[in-house]
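Enquirer: Throughout the sequence shown, residue numbering follows mature numbering (1 follows the signal peptide of the UniProt record, and there is no 0), covering -21 to -1, 1 to 260 in sequence.
The beta-carbon is built from N, C-alpha and C at its ideal position, and this holds for glycine as well.
All values reported here derive from a predicted model rather than from experimental measurement.
There's a structure below that I have some questions on.
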Amino acid sequence: MNTFIKLTVCVMMLVVTKVSAQEFTGVATYKSKRKVDIKLDSTQVNSEMHQKMMDMLKKQFEKTYILTFNKEESVYKEEESLGAPQPGGMEVVMINTGGADVLYKNTKEERYTNQNDVFGKIFLIKDELKKLDWQFGSETKNIGEYTCYKATITRERPKIVGGISVNGDKDLDEEKEPEMETITITAWYTPQIPVNNGPGNYYGLPGLILEVNDGSETVICSKIVLNPKNEVEITEPKKGKKVTKEEFDKIMEKKMEEMKERYSPRRGKGDGQEIEIRIGG
């Protein structure tokens, strides 16, 4: 009889543990900031206008993202906000070639679904999560109430990802292959939240990633709510034209060419300034 009771208790404990793992959820808020250091032709843009543009761009890159997660899945998307006003007489075209409107990750199955709205047309990119070869460090720091540990990874990316056009002038580098550079990405994760996840495409550490810095952009967690009272919904996006990552990249290249044509010099347009900035992912 006692053996039966012990077995029953063990089974119940296993069931409770499994259910608790499945029900573990959280909502993390991240803030992003990007370094902006752009030199423009002083004959076309005076110092006052240059400073206004720098201030405006900094605001453009200050975004808020929400990561909703459980033990195996997550949804990462930007929090809606009003766009910053642009200086008078200036039009800035922001082209982000690496962004995601809704990014669903399944770390157990090592796959993701990226739903992107490109000029009013919705695409659904499905692919495998890229394995990240993290190098673990011994450094620690606190982010809020959590003790975080350092991990780094290196990767190559274009040193010149696009360029800037003022008054429709063509980019000097558009005919050249972009120069590559090796960068170090630094992440800070906390084992206190045992989730193999993080902002954007970052994952693969023994704890939730609370901060990521790639040298030009920093994404840091500002708020975490674990097991919130309201039910957390993590839904993989289904709406959109299904394409591979390779197909989507070709579509984006075509759109970029169309944007070049649209914002090329046109006679009789007036004195307004156009600035095109491309951000690589």
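#1: What's the C-alpha gap between K149 and R241?
#2: Quick one: measure Cβ to Cβ for P207 and V6, integer angstroms, because I've assumed they're closer than 8 Å.
#3: What runs of the beta strand (DSSP E), each 3 residues or longer, lie entirely inside the segment 149 to 218?
#4: Name the one or two DSSP bridge partners that residue 336 has.
#5: Per DSSP, which residues does D106 bridge with? Please list them.
#6: Between the alpha carbons of E160 and E135, how many angstroms are there, rounded?
#7: Are the beta-carbon atoms belonging to L82 and K221 less than 8 Å from one another?
#8: What would DSSP say about E135, mapped onto helix, strand or coil?
#9: Put D228 into one of helix, strand or coil per three-state DSSP.
#10: Is the beta carbon of Y91 less than 8 Å from the beta carbon of L111?
#11: I need the straight-line Cα distance from I213 to G116, nearest angstrom please.
#12: Would you report the Cα separation of E196 and E226, rounded to the nearest angstrom?
#13: Ordered along the chain, which non-local residues of its own chain (more than five positions away) have a Cβ less than 7 Å from that of K239?
#14: Is the CB-CB distance between T133 and I162 below 8 Å?
#15: Within the same chain, show all residues whose beta-carbon is closer than 8 Å to that of E118, passing over the 5 residues directly before and after it, in chain order.
#16: Would N176 pass as an interface residue toward chain C - the criterion being a Cβ-Cβ separation below 8 Å?
#17: Out of T131, E57, L187 and K105, which one is the CA nearest neighbour of T4?
#18: Following a CB-centred definition, is L82 positioned closer than 7 Å to any heavy atom of the ligand NAP?
Expert: For this structure:
#1: Note that K149 scores a pLDDT of 41, beneath 50, so its modelled location is shaky; the value from the coordinates is reported in the next line. One alpha carbon belongs to K149, the other to R241, and they sit about 12 Å apart.
#2: Contact flag correct, Cβ pair sits at about 6 Å.
#3: The qualifying runs are 159 to 169, 187 to 192 and 196 to 205.
#4: What the structure shows of the chain is the stretch from -21 to 260, and residue 336 is not part of that stretch, so it cannot be assessed.
#5: Per DSSP, Y91.
#6: Spanning the two alpha carbons is a distance of roughly 5 Å.
#7: Not in contact: L82 and K221 (Cβ atoms no closer than 8 Å).
#8: For E135, the three-state secondary structure derived from DSSP is strand.
#9: Note: D228 maps to helix in three-state DSSP.
#10: Cβ distance not < 8 Å, so Y91 and L111 don't count as in contact.
#11: Taking the straight line joining both Cα atoms gives about 32 Å.
#12: Their Cα atoms are separated by approximately 27 Å.
#13: Here the set comprises nothing.
#14: For the pair T133 and I162, the CB atoms are nearer than the 8 Å cut-off.
#15: Taking E118 as the centre and dropping the five residues before and after it, the same chain places the C-beta of Y128 and K129 closer than 8 Å to its C-beta, in chain order.
#16: Structure shown: chain C not included; a single protein chain is present.
#17: With distances taken between Cα atoms, T4 lies closest to L187.
#18: Absence of the ligand NAP from the depicted structure is noted, as is the absence of any ligand whatsoever, leaving it without description.
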